[in-house]
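Working notes, beginning with the structure itself.
Residue numbers (the numbering used here): 2 to 400.
Written as structure tokens, this is what we have:
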């Protein structure tokens, strides 16, 4: 009886994980950051258990450290992702998923993605990112939310309530991915943390699959996960204090995908409006073509912006920064063990190209070398990072 019970428990339990070491090499120093080699080490363990046919719990745990003080040196377990630095220990995900017929609900910290386009997703408002290590290659963060999905024929209705705000993690003010203007040279910059919103957020999305097309409409009422900065200058101490705050945001969005004979046409648009004074109001849109050819996949298009109100210039907004650019991505699956990917964004004042080659060895090891090439003018969002071109090497052991 006991062996049978253990077998049943094992069948309902799944786990996986990895150790990964990433090294970044910057050929150039930055005015506020002389380090040229940054090393990061991450351990991640993911597990899930099916309690019943209709109930599953999932979790993921991260432990990490680095050489550049982007990771906290405090011994505590992070649950909400609100720290300015990365936590040394965190619950990346913890959620329960209930599924019954046409109804699915997920409660807890989870990953929520909206939209259909690549590189830039205007409607992806429940997906904050971690920009600490790289603005051009961020990682996604989970959010604490209740999500209900109802499927009815060709229609899917998505309702989300987020009671606890999770911001994007922005570059540290004393490191190279924060570009200090020449006018602030010689001024001591002080990080005064963040002011977080107090109320909850709500979103709804309707997706319809038709004969030869798919489209959706969405609505969001909450806060922008990308911050504005308030500043306070102390002339006696020659210091400038910067504090993050997150403006209210209301979003109206839509996306569309139409498969044609030679390629698939995808489009996505969102209008961002806010009641917070001194805040940008704008529309972002993406039009792209996508094609799969043998082991190759190609994506190319244009990301645009229409600014209807200009606000606080002290902002960190990669979504707008990568707009008004031609974007593209190509990926080649060479064989089951090797792959190659290139992505780029080119606009009038700046450009970046990122390359990655990945190869597995045996059942557990993967090596991924790559580089990012960034060029442009200091007046451009991408171009201001022109001293941040880098080479990278990631070594992963999976279990």
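Don't be surprised by glycine CBs; every beta carbon is placed ideally from N, CA and C.
1) What's the C-alpha gap between residue 89 and residue 185?
2) Which first and last residues belong to the alpha helix (DSSP H) in which residue 487 is found?
3) For a test of the three-state rule: what should DSSP assign to residue 296, helix, strand or coil?
4) Quick check on the burial criterion: 16 or more other C-beta atoms within 10 angstroms. Buried or exposed for residue 309?
5) Between residue 118 and residue 269, is the Cβ-Cβ spacing less than 7 Å?
6) By the 10 Å Cβ neighbour count, where 16 or more other Cβ atoms means buried, how is residue 276 classified, buried or exposed?
7) Should residue 187 go down as buried or exposed, given a rule of 16 or more other Cβ atoms within 10 Å for buried?
8) For residue 106, tell me which candidate among 253, 335, 350 and 55 has the shortest Cα-Cα distance.
9) Applying the criterion that 16 or more other CB atoms from any shown protein chain within 10 Å of the CB defines a buried residue, is residue 323 buried or exposed?
10) Whether or not the region 331-347 and the region 126-135 are in contact is what I'm after, with contact meaning three or more pairs of Cβ atoms, one per stretch, closer than 8 Å; do they touch?
11) Compare the Cα-Cα distances from residue 115 to each of 96, 205, 72 and 100 and report the closest residue.
12) Following the continuous beta strand (DSSP E) through residue 210, name the residue where it begins and the one where it ends.
13) State the start and end residues of the unbroken beta strand (DSSP E) segment that holds residue 181.
14) Closer than 6 Å by C-beta to residue 51: which residues in its own chain qualify, once you throw out the five before and the five after it? Chain order, please.
15) What are the boundary residues of the beta strand (DSSP E) that includes residue 194?
16) Between residue 73 and the rest of its own chain, which residues show a CB-CB distance below 6 Å, the 5 nearest in sequence each way excluded?
17) What residue range is occupied by the uninterrupted beta strand (DSSP E) comprising residue 57?
18) If you check the beta carbons only, do residue 137 and residue 373 fall under 7 Å apart?
19) Does the distance from the CB of residue 390 to the CB of residue 375 come in under 7 Å?
20) Spatial neighbours of residue 228 within its chain, please: CB distance less than 8 Å, with the 5 preceding and 5 following residues excluded, ordered by chain position.
21) In three-state terms, what does DSSP make of residue 314?
22) So for residue 15, helix, strand or coil by DSSP?
23) Suppose only complete runs of 3+ residues qualify. What are the beta strand (DSSP E) ranges in the region 211-263, listed by chain order?
24) Quick check on this structure: which residue in 142, 100, 181 and 384 has the alpha carbon closest to the alpha carbon of residue 241?
25) Which residue marks the beginning of the beta strand (DSSP E) containing residue 156, and which one marks its end?
26) Can you name, in chain order, every residue of its own chain whose Cβ lies under 6 Å from the Cβ of residue 251, other than the five neighbours on each side?
27) Could you pull the start and end residues of the beta strand (DSSP E) that residue 394 belongs to?
28) Residue 360 to residue 19, Cα distance in whole Å?
29) Looking only at C-alpha atoms, which of 334, 357 and 301 sits nearest to residue 346?
30) Per DSSP, residue 353 is paired with what?
31) Should residue 29 go down as buried or exposed, given a rule of 16 or more other Cβ atoms within 10 Å for buried?
32) Give me, in chain order, the residues of the same chain whose beta-carbon lies closer than 6 Å to that of residue 383; leave out the 5 immediate sequence neighbours on both sides.
33) For residue 83, name the three-state secondary structure that DSSP assigns.
34) Grab the span of the beta strand (DSSP E) containing residue 415 for me, first residue to last.
35) Taking 7 Å as the threshold (C-beta atoms), are residue 267 and residue 255 in contact?
36) Do residue 358 and residue 370 count as a contact pair if the criterion is CB distance below 7 Å?
Judging by the given coordinates:
1) Position 88 of the chain shown, counted from the first residue, corresponds to residue 89. Position 184 of the chain shown, counted from the first residue, corresponds to residue 185. Rounded to the nearest angstrom, the two C-alpha atoms are 32 Å apart.
2) With the chain covering 2 to 400 only, the question about residue 487 has no answer from this structure.
3) Against the chain shown, residue 296 aligns to sequence position 295. Coil.
4) As a first step, residue 309 must be located in the chain shown, where it is residue number 308. Exposed: under 16 other Cβ atoms inside 10 Å.
5) Walking along the chain shown from the start, residue 118 turns up at place 117. Walking along the chain shown from the start, residue 269 turns up at place 268. For residue 118 and residue 269, yes; Cβs fall inside 7 Å.
6) Position 275 of the chain shown, counting from 1, holds the residue named residue 276. The residue in question, residue 276, is exposed, as its Cβ has fewer than 16 Cβ neighbours within 10 Å.
7) Position 186 of the chain shown, counting from 1, holds the residue named residue 187. By the neighbour-count rule (16 or more Cβ atoms within 10 Å), residue 187 is not buried but exposed.
8) Locating residue 106 in the chain shown gives position 105, where the first residue counts as 1. Nearest to residue 106 by C-alpha distance, out of 253, 335, 350 and 55, is 55.
9) On the chain shown, residue 323 is found 322 positions in, with the first residue counted as 1. That one is buried.
10) With a cut-off of 8 Å, the region 331-347 and the region 126-135 do not count as touching, because too few Cβ pairs lie within range.
11) Translated into the one-based positions of the chain shown, residue 115 becomes position 114. Of the listed residues, the one whose Cα sits closest to residue 115 is 205.
12) Locating residue 210 in the chain shown gives position 209, where the first residue counts as 1. Residues 202-211.
13) Residue mapping note: residue 181 aligns to position 180 of the chain shown, counting from 1. Counting along the chain, residue 181 falls outside any beta strand (DSSP E), and DSSP gives it neither H nor E.
14) Taking the first residue of the chain shown as 1, we reach residue 51 at position 50. Hits under 6 Å: 13 and 57.
15) Translated into the one-based positions of the chain shown, residue 194 becomes position 193. It spans 189-196 - the beta strand (DSSP E) in which residue 194 sits, taken as one unbroken run.
16) For the purposes of this step, residue 73 is taken as residue 72 along the chain shown, with counting starting at 1. Excluding sequence neighbours, residue 73 sits near 86, 88 and 89.
17) As a working note, residue 57 is residue 56 in the chain shown. Unbroken beta strand (DSSP E) run through residue 57: 56-67.
18) Counting from 1 along the chain shown, the entry for residue 137 is found at position 136. Counting from 1 along the chain shown, the entry for residue 373 is found at position 372. Contact: yes.
19) One-based indexing of the chain shown puts residue 390 at position 389. One-based indexing of the chain shown puts residue 375 at position 374. Yes, these two residues count as a Cβ contact at 7 Å.
20) Taking the first residue of the chain shown as position 1, residue 228 is located at position 227. Once the five neighbours on either side are set aside, the close Cβ partners of residue 228 are 168, 169, 171, 195, 245, 246, 247, 316 and 317.
21) Stepping through the chain shown from its first residue, residue 314 is reached at position 313. Coil, per DSSP.
22) Locating residue 15 in the chain shown gives position 14, counting from the first residue. Residue 15 falls in the strand class under three-state DSSP.
23) Counting whole runs of 3 or more residues, the region 211-263 contains the beta strand (DSSP E) stretches 214-224, 229-235, 240-246 and 249-260.
24) Against the chain shown, residue 241 aligns to sequence position 240. Checking every option, the nearest Cα to that of residue 241 belongs to 181.
25) Reading the chain shown from its first residue, position 155 is the one you call residue 156. First-last of the beta strand (DSSP E) with residue 156: 156-163.
26) Here residue 251 corresponds to residue number 250 of the chain shown, with the count starting at 1. Within its own chain, the residues whose Cβ lies closer than 6 Å to the Cβ of residue 251, once the five positions on either side in sequence are excluded, are 222 and 274, listed in chain order.
27) Numbered from its first residue, the chain shown carries residue 394 at position 393. From DSSP, the beta strand (DSSP E) with residue 394 extends over 391-399.
28) Taking the chain shown and counting its residues from 1, the one referred to as residue 360 is at position 359. Taking the chain shown and counting its residues from 1, the one referred to as residue 19 is at position 18. Using only the alpha carbons, I get a separation of about 16 Å.
29) By 1-based counting over the chain shown, the position of residue 346 is 345. Nearest C-alpha to residue 346: 301.
30) Reading the chain shown from its first residue, position 352 is the one you call residue 353. Partner residues in the beta bridge of residue 353, as assigned by DSSP, are 346 and 375.
31) As a working mapping, residue 29 is identified with position 28 in the chain shown. Taking all protein chains in view, the Cβ of residue 29 is surrounded by fewer than 16 other Cβ atoms within 10 Å, so the residue is classified as exposed.
32) Here the question's residue 383 lines up with position 382 in the chain shown. Within the same chain, and ignoring the five residues on either side of residue 383 in sequence, the residues whose Cβ sits closer than 6 Å to its Cβ are 351, 353 and 377.
33) Mapped onto the chain shown, residue 83 falls at position 82. Reduced to three states, the DSSP call for residue 83 is coil.
34) Here the chain covers residues 2 to 400 and nothing more, so residue 415 does not appear.
35) On the chain shown, residue 255 is found 254 positions in, with the first residue counted as 1. On the chain shown, residue 267 is found 266 positions in, with the first residue counted as 1. For residue 255 and residue 267, no; Cβs fall outside 7 Å.
36) To locate residue 370, count along the chain shown from 1; it is residue 369. To locate residue 358, count along the chain shown from 1; it is residue 357. Residue 358 is positioned such that its CB atom lies closer than 7 Å to that of residue 370.
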